[in-house]
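Participant: Questions regarding the structure given below will be posed in turn.
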Amino acid sequence: MELVHGKPCSSGSATPSSDQEDMDLRRGPWTMEEDFMLINYISNHGEGRWNSLARHAGLKRTGKSCRLRWLNYLRPDVRRGNITPEEQLLILELHSRWGNRWSKIAQHLPGRTDNEIKNYWRTRVQKHAKQLQCDVNSKQFKDVVKYIWMPRLLERIHAGGSSHNNIYQYSSINGGGGGGGGGVLNQGNINLSLINGKEIEDKGSMVMEEEEEEKEMVSSSSSCLWSESLLSPNSSGCGNDQSVLMDFHEVEERWWDGTGHMISDNLWNVGHEF
DNA sequence: AACTTCTCCAACCGCAGGGTT
DNA sequence: TAACCCTGCGGTTGGAGAAGT
Numbered sequence: 001m002e003l004v005h006g007k008p009c010s011s012g013s014a015t016p017s018s019d020q021e022d023m024d025l026r027r028g029p030w031t032m033e034e035d036f037m038l039i040n041y042i043s044n045h046g047e048g049r050w051n052s053l054a055r056h057a058g059l060k061r062t063g064k065s066c067r068l069r070w071l072n073y074l075r076p077d078v079r080r081g082n083i084t085p086e087e088q089l090l091i092l093e094l095h096s097r098w099g100n101r102w103s104k105i106a107q108h109l110p111g112r113t114d115n116e117i118k119n120y121w122r123t124r125v126q127k128h129a130k131q132l133q134c135d136v137n138s139k140q141f142k143d144v145v146k147y148i149w150m151p152r153l154l155e156r157i158h159a160g161g162s163s164h165n166n167i168y169q170y171s172s173i174n175g176g177g178g179g180g181g182g183g184v185l186n187q188g189n190i191n192l193s194l195i196n197g198k199e200i201e202d203k204g205s206m207v208m209e210e211e212e213e214e215k216e217m218v219s220s221s222s223s224c225l226w227s228e229s230l231l232s233p234n235s236s237g238c239g240n241d242q243s244v245l246m247d248f249h250e251v252e253e254r255w256w257d258g259t260g261h262m263i264s265d266n267l268w269n270v271g272h273e274f
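Heads up: the first sequence begins at 1 in the UniProt record's numbering, then just goes up one per residue.
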């Protein structure tokens, strides 16, 4: 594969020598040697100004490229593997608050990069929207996310779907139910908080669960889709920026019971603080 | 087996904003 | 204070592998 390119357009480029440097810059996939050089340099000197870092490390890459490679791939704390239900829930929730603020969302998912979250959104979430034949930014789709997808994720988490890893802890913050230790979703307001990052194992079963969930979501959402009576006119759900409480109580009463799709006996009020 | 289509994700691009000279 | 440089962000692209025909 040809990796060395000239810059396609170097508007207002300066000297012939810098043009020559531009011509020598590598683009495209990183090689193991380049990765090693970058890791080695950063482990010895730390991160710094990326352009000079790229030069001093002997990499024929832009500082931008080095930064991206380090942050998205080489950093030791980068988590790889499938997005867990907990992480999906957080992404959906945070996206409903902040929109495409990927880096801001990523700050709340330790080890996950903005790029990864952005890719997740584009591949998974937009796929759902496509299957439902609606725009990902439409109110209809947002309602499906809020009233179907997120409760389903909570249900899965509640059912023990998070046993693949222990990155989240659940605890009552409103005196409801308690349950003592972590890992229990119960009645009342539930605090969903990150406690650490841990490598994901058992990828196979996660994929199967995700596929099942996707099928389930699409079928259930299309079977009871767009019924205005199910959606509260003031169901904005998401509150202020400090603390978001999604009240699924009303939804459960008016939707799940009313359509024979009851998913739980619990009244789920879910919030998380950061 | 060969070809096409789809999906995923790493990497690129342009732009905005902040810092430095 | 204008010009330049660097960083970070969000949008987009293109290649590799998987899935379908």
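We put the CB at the ideal spot given by N, CA and C, even for glycine.
For the putative contact between Gly63 and Ala54, defined by C-beta atoms under 8 Å, what is the C-beta separation to the nearest angstrom?
Facilitator: 5 Å
Participant: Indicate the three-state DSSP secondary structure (helix, strand or coil) for Arg26 in the structure shown.
Facilitator: Annotated three-state conformation of Arg26 is strand, per DSSP.
Participant: What is the rounded straight-line gap between the Cα of Met206 and the Cα of Asn82?
Facilitator: Its pLDDT being 40, under 50, Met206 is placed unreliably by the model, and the measurement read from it follows with that caveat. So the two alpha carbons sit approximately 7 Å from each other.
Participant: Would Asp135 and Leu74 qualify as a contact pair, given that the criterion is a beta-carbon distance under 8 Å?
Facilitator: no
Participant: Are Trp121 and His95 close, meaning C-beta to C-beta below 8 Å?
Facilitator: Closer than 8 Å, so yes.
Participant: Going by alpha carbons, who is nearest to Asn40 out of Pro76, Asp114 and Asp143?
Facilitator: For the options Pro76, Asp114 and Asp143, the alpha carbon positioned closest to that of Asn40 is the one of Pro76.
Participant: To the nearest whole angstrom, what separates the beta carbons of Arg69 and Leu38, a pair I think is in contact under 8 Å?
Facilitator: 6 Å
Participant: Please go through the same chain and pick out, in chain order, the residues whose beta-carbon is closer than 7 Å to the beta-carbon of Trp98, but skip the five residues on each side of it.
Facilitator: Lys104 and Ile105
Participant: Which of helix, strand or coil does DSSP assign to Leu53?
Facilitator: helix
Participant: Within the continuous alpha helix (DSSP H) that includes Trp102, where are the two ends?
Facilitator: Its alpha helix (DSSP H) spans residues Trp102 to Ala106.
Participant: So is Thr113 buried or exposed if we call it buried at 16+ other beta carbons inside 10 Å?
Facilitator: Buried, since its Cβ has 16 or more Cβ neighbours within 10 Å.
Participant: Under three-state DSSP, which class holds Pro110?
Facilitator: coil
Participant: State the start and end residues of the unbroken alpha helix (DSSP H) segment that holds Leu68.
Facilitator: Gly63 to Arg69
Participant: Rounding to the nearest angstrom, what Cα-Cα distance links Arg156 and Ile148 in this structure?
Facilitator: 12 Å
Participant: Specify the secondary structure class of Thr123 as computed by DSSP and reduced to three states.
Facilitator: helix
Participant: Starting from Asn40, trace the alpha helix (DSSP H) both ways and give me its first and last residue.
Facilitator: From DSSP, the alpha helix (DSSP H) with Asn40 extends over Met32 to His45.
Participant: Whose C-alpha, out of Phe141, His45 and Gly48, is nearest the C-alpha of Lys127?
Facilitator: Phe141
Participant: Do the CB positions of Asn72 and Asn115 come within less than 8 Å of each other?
Facilitator: Yes, Cβ-Cβ distance for Asn72 and Asn115 is below 8 Å.
Participant: Would you say Gly111 and Arg79 are within 8 Å of each other, going by their C-beta atoms?
Facilitator: yes
Participant: So, helix, strand or coil for Ser138, using DSSP?
Facilitator: coil
Participant: Cutting at 6 Å between CB atoms, please list the residues of its own chain near His45, excluding the five before and the five after it.
Facilitator: none
Participant: Along the chain, where does the alpha helix (DSSP H) that runs through Leu154 open and close?
Facilitator: Met150 to His158
Participant: Going along the chain, which residues of its own chain have a beta-carbon closer than 7 Å to the beta-carbon of residue 305, five neighbours each way excluded?
Facilitator: No statement about residue 305 is possible, as the shown extent of the chain runs from 1 to 274 and does not include it.
Participant: Could you tell me the alpha carbon to alpha carbon distance between Ser65 and Glu47, rounded to whole angstroms?
Facilitator: 14 Å
Participant: State buried or exposed for Met32, treating a residue as buried only when at least 16 other CB atoms are found within 10 Å of its CB.
Facilitator: exposed
Participant: Output the distance between the C-alpha atoms of Gln107 and Ser43, rounded to the nearest integer angstrom.
Facilitator: 23 Å
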